[in-house]
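The listed protein sequences correspond, in order, to chains A and B. Here this note's numbering is used: position 57 in the first sequence is 150, and no number is missing along the way. Here this note's numbering is used: position 33 in the second sequence is 355, and no number is missing along the way. Just so it is clear, CB atoms sit at the ideal spot from N, CA and C, and this is done for glycine as well. Here the structure is a predicted model, which is why all the values come from computation and not from measurement. One structure is given here, and the rest of the page talks about it.
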Amino acid sequence: VQLVESGGGLVQPGGSLRLFCSASGFTFSNYAMHWVRQAPGKGLEYVSGISGNEGSTDYADSVKGRFTISRDNSKNTLYLQMSSLKTEDTALYYCARADSSGWYAPFDFWGQGTLVTVSS
Amino acid sequence: DIVMTQSPDSLAVSLGERATINCKSSQSVFYSSNNKNYLTWYQQKPGQPPKMVIYWASTRESGVPDRFSGSGSGTDFTLTISSLQAEDVAVYYCQQYYSTPYTFGQGTKLEIK
Numbered sequence: 094v095q096l097v098e099s100g101g102g103l104v105q106p107g108g109s110l111r112l113f114c115s116a117s118g119f120t121f122s123n124y125a126m127h128w129v130r131q132a133p134g135k136g137l138e139y140v141s142g143i144s145g146n147e148g149s150t151d152y153a154d155s156v157k158g159r160f161t162i163s164r165d166n167s168k169n170t171l172y173l174q175m176s177s178l179k180t181e182d183t184a185l186y187y188c189a190r191a192d193s194s195g196w197y198a199p200f201d202f203w204g205q206g207t208l209v210t211v212s213s
Numbered sequence: 323d324i325v326m327t328q329s330p331d332s333l334a335v336s337l338g339e340r341a342t343i344n345c346k347s348s349q350s351v352f353y354s355s356n357n358k359n360y361l362t363w364y365q366q367k368p369g370q371p372p373k374m375v376i377y378w379a380s381t382r383e384s385g386v387p388d389r390f391s392g393s394g395s396g397t398d399f400t401l402t403i404s405s406l407q408a409e410d411v412a413v414y415y416c417q418q419y420y421s422t423p424y425t426f427g428q429g430t431k432l433e434i435k
């Protein structure tokens, strides 16, 4: 199992960014996927999740209406479209695999993360 | 949202001694229909992503040493390391996956005394 995030970088407040998570080593469509972030020196914060068949999504209140999670099972890729970015969105963004195609399962594999910095 | 509160925030234990970390949820994460607690523990070492060590509150992940154990039910949970080794130095997080949005505890930093 391998999860590789990319797409992070420096963006100004109010800007947009799209994160990618490329998955390999497992049947991607059989698993729900999630984004979790970690601000510098801080703890883990759940951001968003999507079921294996793309049927349902979920968001933390802190990003609802600004972030959109999606996936392309034909490309084994998870996405996070981030808009109206705020300085408090600065963090290392991890993608994580849930041990199920649906909800209510632990996160059994994590990527190394991609750093998003929101600053003027 | 379910609030997860860990105690203590940091802990220093001598090599070979027992380390105990507590996690309390603001509401029960026990689902009676399948008799499972929707609670997991992660270990995060510096510069690394989190690693799942315990799931369903007490099931050890494959490859995790048996000195790690999880216990508890409902709203109160414990991660125990029976004999601390140097490689166990890390921050430990509990997480509930009973309801969305899934929430984490604030973390407990475990160090060697």
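query = Is there a Cβ from chain A that is less than 8 Å from the Cβ of residue 338 of chain B?
reply = Translated into the one-based positions of the second sequence, residue 338 of chain B becomes position 16. No, because no Cβ of chain A sits closer than 8 Å to the Cβ of residue 338 of chain B.
query = Would you call the CB atoms of residue 349 of chain B and residue 428 of chain B closer than 8 Å?
reply = Along the second sequence, read from residue 1 onward, the residue named residue 349 of chain B stands at position 27. Along the second sequence, read from residue 1 onward, the residue named residue 428 of chain B stands at position 106. No.
ask   = Can you tell me whether DSSP reads residue 410 of chain B as helix, strand or coil?
value = Here residue 410 of chain B corresponds to residue number 88 of the second sequence, with the count starting at 1. Note: residue 410 of chain B maps to helix in three-state DSSP.
ask   = Along chain B, which residues have their Cβ under 7 Å away from the Cβ of residue 201 of chain A?
value = Against the first sequence, residue 201 of chain A aligns to sequence position 108. Below the 7 Å Cβ cutoff, chain B contributes 374 as neighbours of residue 201 of chain A, in chain order.
request  = Indicate whether at least one CB of chain A lies closer than 8 Å to the CB of residue 426 of chain B.
outcome  = Position 104 of the second sequence, counting from 1, holds the residue named residue 426 of chain B. Residue contact with chain A for residue 426 of chain B: present (Cβ-Cβ distance below 8 Å to some residue of chain A).
request  = Give a yes or no on whether the C-beta atoms belonging to residue 178 of chain A and residue 140 of chain A are separated by under 8 Å.
outcome  = One-based indexing of the first sequence puts residue 178 of chain A at position 85. One-based indexing of the first sequence puts residue 140 of chain A at position 47. Against a cut-off of 8 Å, the Cβ pair of residue 140 of chain A and residue 178 of chain A comes out as no contact.
query = Cβ of residue 181 of chain A less than 8 Å from any chain B Cβ?
reply = Taking the first residue of the first sequence as position 1, residue 181 of chain A is located at position 88. Not an interface residue.
query = With a cut-off of 8 Å, do at least 3 Cβ pairs link the stretch 195-212 of chain A to the stretch 410-423 of chain B?
reply = Contact between the stretch 195-212 of chain A and the stretch 410-423 of chain B is present, with at least three C-beta pairs closer than 8 Å.
task = Indicate whether residue 346 of chain B and residue 397 of chain B have their beta-carbon atoms separated by less than 8 Å.
result = Position 24 of the second sequence, counted from the start, is the residue given in the question as residue 346 of chain B. Position 75 of the second sequence, counted from the start, is the residue given in the question as residue 397 of chain B. Contact: yes.
query = At a Cβ cut of 8 Å, what residues of the stretch 384-402 of chain B count as close to chain A, listed as they run along the chain?
reply = The stretch 384-402 of chain B vs chain A, Cβ under 8 Å: nothing.
ask   = Rounded C-beta distance between residue 127 of chain A and residue 191 of chain A? I'm assuming under 8 Å.
value = On the first sequence, residue 127 of chain A is found 34 positions in, with the first residue counted as 1. On the first sequence, residue 191 of chain A is found 98 positions in, with the first residue counted as 1. So it is a contact: roughly 6 Å between Cβ atoms.
query = Where does residue 133 of chain A land, buried or exposed, given buried means 16+ other C-beta within 10 angstroms?
reply = As a working note, residue 133 of chain A is residue 40 in the first sequence. Classification for residue 133 of chain A: exposed.
query = What residue does the beta strand (DSSP E) around residue 334 of chain B start on, and which one ends it?
reply = What you label residue 334 of chain B is simply residue 12 of the second sequence in a count that begins at 1. Here the beta strand (DSSP E) through residue 334 of chain B covers 332-335.
inquiry  = Just checking: is the beta-carbon of residue 208 of chain A within a distance shorter than 8 Å of some beta-carbon in chain B?
reply    = On the first sequence, position 115 is the one that residue 208 of chain A refers to. Judged by the 8 Å Cβ criterion, residue 208 of chain A is not in contact with chain B.
ask   = Around the C-beta of residue 162 of chain A, are 16 or more other C-beta atoms found within 10 angstroms, so that it is buried, or is it exposed?
value = Taking the first residue of the first sequence as 1, we reach residue 162 of chain A at position 69. Buried.
task = Closer than 7 Å by C-beta to residue 152 of chain A: which residues in its own chain qualify, once you throw out the five before and the five after it? Chain order, please.
result = On the first sequence, residue 152 of chain A is found 59 positions in, with the first residue counted as 1. In its chain, beyond the 5 residues on either side, 141, 160 have a beta carbon closer than 7 Å to the beta carbon of residue 152 of chain A.
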